[in-house]
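Q: Residue numbers (the working numbering), protein chains in the order written: chain A, 136 to 336; chain B, 136 to 336.
Starting off with a structure, shown below.
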């Protein structure tokens, strides 16, 4: 079956977002990353901040931002779990609708798992070693070099927890991906080209 | 730096050997897989059977085949460990010599780790799901379908143990490879093309 969809999982700082966006541009297809946040917000009463914070990350802590009215909401952990589950349900439905509608590239959000029943999806994962991710995060996103490794590791841990909770699979385990690329060793352009080739083959 | 060497780790039954061989043919470079067994035998007093059985696999059990004179050698486990270490030392030296001598594709045998100090190596891993590996092993290697999954899993476990012992890394962890490919989903020909592209980029 001809492939129509590419999902891209990625480590924080690996350049996965950029690689996915350039891949979509090169293929002339739609691109979904943070775009999904507003689309989920439009379908729920949840704030974009809550969706951005929980759509890919397992959170423990303050719930003040859930409804976007700053700290006055005293939810229990049970409520937070229910909201996370609701958001994940709506996000999953949305990802299935997007995939049905048009060829596209979708970043993160368990899309590889959500679309597992389709036969037209190429699942990609982008990773690299910590020195490359730190250098890139300092250069591209202005992180302090001394803090970068800890910040990146914490975000990836929250992504891994979120992925495991909603898929019962291990995030970053090559078995879940058709193509796993080391962006530090290969470079951004080479990754884009390899994904495009794999998509077309 | 221009790449000269490709190492290919692979799961049993994934077609990794075939993919590596076709890649070497397409690139017009030398190919080393079982070829290494005879080369190590020529440098040691160990039998080819022992080298084939221990060069990639952790073994527990009979030692009768060590010197190729069938069962009369009563070595201790300590002796077996020493022989395994000696063989691994000679095999590692040989892999470094091969890499120094000529562009080539080297299958398994911790070559990615042994050559980690070079900057001209592309490290590849080939995997696929069990149904594909079983189907391929029955078709290509004549395994009984009912036994195939257990045989393949056992061999991969011994490879993983060998790799961990001599590298202190996890076999099949995408972090150790620049390119990890699902041969069942992509197909043998596509894997060959993607490796050749990554090698040239």
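We treat Cβ as the ideally placed atom computed from N, Cα and C, and that holds for glycine.
Residues of the region 296-313 of chain B in Cβ contact with chain A at a cutoff of 9 angstroms, in chain order, please.
A: 307, 308, 309, 310, 312, 313
Q: The alpha helix (DSSP H) spanning residue 331 of chain A covers which residue range?
A: Stepping through the first chain from its first residue, residue 331 of chain A is reached at position 196. Looking at the DSSP string, the run of the alpha helix (DSSP H) that includes residue 331 of chain A is 323-335.
Q: Alpha carbon to alpha carbon, how far is residue 153 of chain A from residue 141 of chain A?
A: Translated into positions along the first chain, residue 153 of chain A becomes position 18. Translated into positions along the first chain, residue 141 of chain A becomes position 6. Whole-angstrom Cα-Cα distance: 14 angstroms.
Q: Assuming residue 224 of chain A contacts residue 296 of chain A under a Cβ cut-off of 8 angstroms, what Cβ separation, rounded to an integer in Å, is found between them?
A: Within the first chain, residue 224 of chain A is the residue found at index 89, counting from 1. Within the first chain, residue 296 of chain A is the residue found at index 161, counting from 1. The Cβ separation is near 18 angstroms, so there is no contact.
Q: Among residues of its own chain, excluding the 5 on either side of residue 231 of chain B, which ones have a beta-carbon nearer than 8 angstroms to its beta-carbon?
A: For the purposes of this step, residue 231 of chain B is taken as residue 96 along the second chain, with counting starting at 1. So the qualifying residues of the chain are 249, 250.
Q: Name, please, each residue of chain B whose Cβ falls closer than 7 angstroms to the Cβ of residue 334 of chain A.
A: For this step, residue 334 of chain A is matched to residue 199 along the first chain. Those within 7 angstroms of residue 334 of chain A in chain B number zero; the least Cβ separation is about 10 angstroms.
Q: Between the C-alpha atoms of residue 314 of chain B and residue 316 of chain A, what's the straight-line distance to the nearest angstrom?
A: Position 179 of the second chain holds residue 314 of chain B. Position 181 of the first chain holds residue 316 of chain A. Their Cα atoms are separated by approximately 5 angstroms.
Q: Under the assumption that residue 179 of chain A contacts residue 221 of chain A (Cβ atoms under 8 angstroms), give the Cβ distance between them as a whole number of angstroms.
A: Translated into positions along the first chain, residue 179 of chain A becomes position 44. Translated into positions along the first chain, residue 221 of chain A becomes position 86. The C-beta separation of residue 179 of chain A from residue 221 of chain A comes to about 7 angstroms, placing the pair in contact by the 8 angstroms criterion.
Q: 8 angstroms is my cut-off, CB to CB: does residue 317 of chain A come that close to chain B?
A: Position 182 of the first chain holds residue 317 of chain A. So yes, residue 317 of chain A belongs to the interface.
Q: How would you list, in chain order, the residues of chain A whose beta-carbon sits under 9 angstroms from the beta-carbon of residue 260 of chain B?
A: Taking the second chain and counting its residues from 1, one reaches residue 260 of chain B at position 125. Going along chain A in sequence order, the residues near residue 260 of chain B (Cβ under 9 angstroms) are 309, 315.
Q: Going by C-alpha to C-alpha distance, which of B:240, B:181, B:284 sits closest to residue 217 of chain B?
A: Here residue 217 of chain B refers to the residue found at position 82 of the second chain. Cα-wise, what sits closest to residue 217 of chain B is B:181.
Q: Skipping 5 residues on each side, what residues in its chain have a beta carbon closer than 7 angstroms to that of residue 278 of chain A?
A: Counted from its first residue, the first chain places residue 278 of chain A at position 143. Excluding residues within five positions, the ones whose Cβ falls inside 7 angstroms are 272, 286.
Q: For the region 228-257 of chain B, enumerate the residues whose C-beta is nearer than 7 angstroms to any C-beta of chain A, in chain order.
A: none
Q: Are the C-beta of residue 288 of chain A and some C-beta of chain B separated by less than 8 angstroms?
A: Mapped onto the first chain, residue 288 of chain A falls at position 153. Output row for residue 288 of chain A: interface = no.
Q: How about residue 327 of chain B and residue 161 of chain B: do their beta carbons lie closer than 8 angstroms?
A: The residue you call residue 327 of chain B lines up with position 192 of the second chain. The residue you call residue 161 of chain B lines up with position 26 of the second chain. Against a cut-off of 8 angstroms, the Cβ pair of residue 161 of chain B and residue 327 of chain B comes out as a contact.
Q: Is the beta carbon of residue 302 of chain A sitting closer than 8 angstroms to the one on residue 245 of chain A?
A: As a working note, residue 302 of chain A is residue 167 in the first chain. As a working note, residue 245 of chain A is residue 110 in the first chain. Cβ distance < 8 angstroms, so residue 302 of chain A and residue 245 of chain A count as in contact.
Q: Just checking my contact of residue 243 of chain A with residue 144 of chain A at CB under 8 angstroms: how many whole Å lie between their CB atoms?
A: Within the first chain, the letter at position 108 stands for residue 243 of chain A. Within the first chain, the letter at position 9 stands for residue 144 of chain A. Confirmed, Cβ separation roughly 6 angstroms.
Q: Kindly say whether residue 157 of chain B, judged by its beta-carbon, lies nearer than 8 angstroms to any beta-carbon of chain A.
A: On the second chain, position 22 is the one that residue 157 of chain B refers to. Not a single C-beta of chain A is nearer than 8 angstroms to the C-beta of residue 157 of chain B.
Q: Do you know offhand how far residue 237 of chain A's Cα is from residue 300 of chain B's?
A: Residue mapping note: residue 237 of chain A aligns to position 102 of the first chain, counting from 1. Residue mapping note: residue 300 of chain B aligns to position 165 of the second chain, counting from 1. Their Cα atoms are separated by approximately 48 angstroms.
Q: Beta-carbon separation of residue 257 of chain B and residue 333 of chain B under 8 angstroms?
A: Translated into positions along the second chain, residue 257 of chain B becomes position 122. Translated into positions along the second chain, residue 333 of chain B becomes position 198. It is a contact, given that the beta carbons lie within the stated cut-off.
Q: Taking only runs that begin and end inside the region 139-174 of chain A, name each unbroken beta strand (DSSP E) of 3 or more residues, in chain order.
A: 140-145, 165-167
Q: Along chain B, which residues have their Cβ under 9 angstroms away from the Cβ of residue 325 of chain A?
A: On the first chain, residue 325 of chain A is found 190 positions in, with the first residue counted as 1. Correct list: 332, 333, 336.
Q: Of all Cβ atoms in chain B, is any one closer than 8 angstroms to the Cβ of residue 320 of chain A?
A: As a working mapping, residue 320 of chain A is identified with position 185 in the first chain. Closer than 8 angstroms: yes.
Q: For residue 329 of chain B, which residues in chain A fall below 7 angstroms Cβ to Cβ?
A: Taking the first residue of the second chain as 1, we reach residue 329 of chain B at position 194. Within 7 angstroms Cβ-Cβ: 329, 332, 333.
Q: Is residue 265 of chain B helix, strand or coil by DSSP?
A: The residue given as residue 265 of chain B occupies position 130 in the second chain. Helix, per DSSP.
Q: Out of A:158, A:190, A:165, point me to the one whose CA is closest to residue 173 of chain A's CA.
A: Working through the first chain from its first residue, we reach residue 173 of chain A at position 38. Cα-wise, what sits closest to residue 173 of chain A is A:190.
Q: Reducing DSSP to helix, strand and coil, say where residue 220 of chain B ends up.
A: Residue mapping note: residue 220 of chain B aligns to position 85 of the second chain, counting from 1. Helix, per DSSP.
Q: Answer yes or no: do residue 330 of chain A and residue 150 of chain A have a C-beta to C-beta separation smaller than 8 angstroms?
A: As a first step, residue 330 of chain A is located in the first chain; it is residue number 195 there, counting from the start. As a first step, residue 150 of chain A is located in the first chain; it is residue number 15 there, counting from the start. Contact: no.
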